[in-house]
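For the sequence shown, the working numbering begins at 88 and goes up steadily by one.
Backbone N, C-alpha and C fix where the C-beta goes; we use that ideal spot for every residue, glycine too.
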Amino acid sequence: MTDPLVTLEVTDGLGLLLLNRPPVNALNEQLRDQLVDRSLEAQTRDDVRVVIVAGAGKHFAAGADITELETTSLADMAATVHRLQSSLGALAHIEKPTIAAITGYALGGGLEIALACDFRIVADTAKLGLPEIQLGVIPGGGGTQRLARLVGPAIAKNLLYTGRQVGAEEAARIGLVDEVVPADRTLDRAKEFAASLSGGPALALRAAKLTVDEGLDQPLETGLALERSHFLALFGTEDRTIGMQSFRENGPGKANFVGR
């Protein structure tokens, strides 16, 4: 039996979703399918409160397995691209905070995995990009859509049209990543950030994520209605009671929601 290509390790509320296909964690069919399974597991497990996605070894993920692409027919590719979008959709739809800890290369499908997360913490030596144009195609795992929503259409088109790689500092400057850290601190920093979120009110965190993600492409009035709905649903929860009581007793930012 071969070793799994995607694993989920859970410690103290943190789910570490690890891509493990050395040397560069290239995305093949098995990895994509396992990414769906592990994402669904992270979504349904009550002991997972925050998810970190990282690559085993030196690299996050250096894109699709080119050998697999070269041998795929046009008819089969229709099913393949659908599965690719489904696998990244499973990650994007985890209703908990998600953080990509990026080291080495995050290219093509690897960057698309990172784009499906809420936050991206990147090593100062990392390289990111969507080089598909150099193969005569475009990203098929949501890269065109999630990138443009994150950095704006002009910057997204620059990266998509050229297929160029950007370093960590430029990635931070254009809003592609949230934080740049020394390479040997990347996963530790992601865990620190995850810990700052894992003790928060799980129901309110879920509502905040869903409200932003679902309202992003809706007219403002529709988004406001969605916000009202989630707000009112939270108002009668125990998390809200704990938060209000702690605010009165200790001031803002002191509530302890661990275990909620």
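- Do three or more CB pairs link the segment 266–281 to the segment 208–220 at distances below 8 Å? Proximity of the segment 266–281 to the segment 208–220 meets the contact definition, three or more beta-carbon pairs being nearer than 8 Å.
- Check Gly-114 in the structure and name its three-state DSSP category. In the sequence shown, residue 114 corresponds to position 27, counting from 1. A small fix is needed here, since residue 114 is Leu in this sequence, not Gly. The answer is strand: DSSP assigns Leu-114 an E or B state.
- Would you tell me roughly how many angstroms separate the C-alpha atoms of Leu-234 and Gly-216, rounded to the nearest one? For this step, residue 234 is matched to residue 147 along the sequence shown. For this step, residue 216 is matched to residue 129 along the sequence shown. If you take the alpha carbons of Leu-234 and Gly-216, they lie about 10 Å apart.
- Message: Contact defined as beta carbons within less than 8 Å: I believe Glu-199 pairs with Leu-175. What is the distance between those atoms, to the nearest angstrom?
- Response: As a first step, residue 199 must be located in the sequence shown, where it is residue number 112. As a first step, residue 175 must be located in the sequence shown, where it is residue number 88. Right, their Cβ atoms sit about 6 Å apart.
- Item | Minimum length 3: unbroken beta strand (DSSP E) runs contained in the segment 274–326 | none
- Pick helix, strand or coil for Leu-194, following the three-state DSSP scheme. Your numbering for residue 194 matches position 107 in the sequence shown. Strand, per DSSP.
- Query: Any contact of the segment 133–147 with the segment 105–115, i.e. 3+ C-beta pairs under 8 Å?
  - Reply: yes
- Message: Applying the 10 Å Cβ sphere with the 16-neighbour rule, what's the burial state of Gln-121?
- Response: The residue you call residue 121 lines up with position 34 of the sequence shown. With 16 or more Cβ atoms within 10 Å of its Cβ, Gln-121 is classed as buried.
- Query: Which runs of the beta strand (DSSP E) spanning at least 3 residues fall entirely within the segment 130–200, listed in chain order?
  - Reply: 137–142, 185–189, 192–194
- Message: When you compare the segment 280–293 with the segment 129–138, are there three or more beta-carbon pairs, one atom per stretch, that lie closer than 8 Å?
- Response: yes
- Message: Applying the 10 Å Cβ sphere with the 16-neighbour rule, what's the burial state of Arg-207?
- Response: The residue you call residue 207 lines up with position 120 of the sequence shown. The residue is buried, with at least 16 neighbouring Cβ atoms inside 10 Å.
- Is Glu-219 buried or exposed, if buried means 16 or more other CB atoms sit within 10 Å of its CB? The residue you call residue 219 lines up with position 132 of the sequence shown. By the beta-carbon neighbour count (other beta carbons within 10 angstroms, threshold 16), Glu-219 is buried.
- Under 8 Å, do Ala-149 and Tyr-192 count as touching if we go by C-beta distance? As a first step, residue 149 must be located in the sequence shown, where it is residue number 62. As a first step, residue 192 must be located in the sequence shown, where it is residue number 105. Yes, Cβ-Cβ distance for Ala-149 and Tyr-192 is below 8 Å.
- From Asn-112 to Ile-329, what distance separates their C-alpha atoms? In the sequence shown, the residue the question calls residue 112 occupies position 25. In the sequence shown, the residue the question calls residue 329 occupies position 242. So the two alpha carbons sit approximately 43 Å from each other.
- Paired residues, beta bridge with Thr-98 - DSSP: Along the sequence shown, one-based indexing puts residue 98 at 11. Looking at the DSSP assignment, Thr-98 forms a beta bridge with Leu-101.
- Query: Out of curiosity, what's the CA-to-CA distance linking Leu-292 and Glu-182?
  - Reply: Here residue 292 is taken as the residue at index 205 of the sequence shown, counted from 1. Here residue 182 is taken as the residue at index 95 of the sequence shown, counted from 1. Taking the straight line joining both Cα atoms gives about 8 Å.
- Residues near Gly-230 by beta carbon distance below 6 Å, same chain, minus five either side: Taking the first residue of the sequence shown as 1, we reach residue 230 at position 143. Once the five neighbours on either side are set aside, the close Cβ partners of Gly-230 are Glu-199, Leu-217.
- Query: Does the Cβ of Lys-244 have 16 or more other Cβ atoms within 10 Å, making it buried, or fewer, making it exposed?
  - Reply: As a first step, residue 244 is located in the sequence shown; it is residue number 157 there, counting from the start. With fewer than 16 other Cβ atoms within 10 Å, it is exposed.
- Comparing alpha-carbon positions, which option in Ala-277, Lys-296, Met-164, Leu-303 lies nearest Phe-318? In the sequence shown, residue 318 corresponds to position 231, counting from 1. Among Ala-277, Lys-296, Met-164, Leu-303, the Cα nearest to that of Phe-318 belongs to Lys-296.
- Query: Exposed or buried, what is Leu-303 when buried is set at 16 or more other beta-carbons lying within 10 Å of its beta-carbon?
  - Reply: On the sequence shown, residue 303 is found 216 positions in, with the first residue counted as 1. Exposed: under 16 other Cβ atoms inside 10 Å.
- Task: Please name the residue or residues paired with Val-210 in a DSSP beta bridge.
- Result: Counted from its first residue, the sequence shown places residue 210 at position 123. Note that residue 210 is Ala in the sequence shown here, rather than Val. According to DSSP, Ala-210 bridges with Val-268.
- Is Ala-166 closer than 8 Å to Ser-126 when the C-beta atoms are compared? As a position in the sequence shown, residue 126 is number 39, starting the count at 1. As a position in the sequence shown, residue 166 is number 79, starting the count at 1. Taking 8 Å as the Cβ cut-off, Ser-126 and Ala-166 do not qualify as a contacting pair.
- Own chain partners of Thr-298 with C-beta closer than 7 Å, once the 5 adjacent residues on each side are dropped: Position 211 of the sequence shown, counted from the start, is the residue given in the question as residue 298. The residues Leu-313, Glu-314, His-317, in chain order, have a CB closer than 7 Å to that of Thr-298 in the same chain once the five nearest residues on each side in sequence are set aside.
- Item | Per DSSP, the bridge partner or partners of Gly-254 | Translated into the one-based positions of the sequence shown, residue 254 becomes position 167. The partner list for Gly-254 (beta bridge, DSSP) reads Lys-214.
- Are the beta-carbon atoms of Val-51 and Ser-173 separated by less than 8 Å? For residue 51 there is no data in the structure shown, the boundaries of the chain being 88 and 347.
- Task: Mind checking which residues open and close the alpha helix (DSSP H) that includes Gln-221?
- Result: Counting from one through the sequence shown, the residue named residue 221 turns up at place 134. Run containing Gln-221: none; DSSP gives neither H nor E here.
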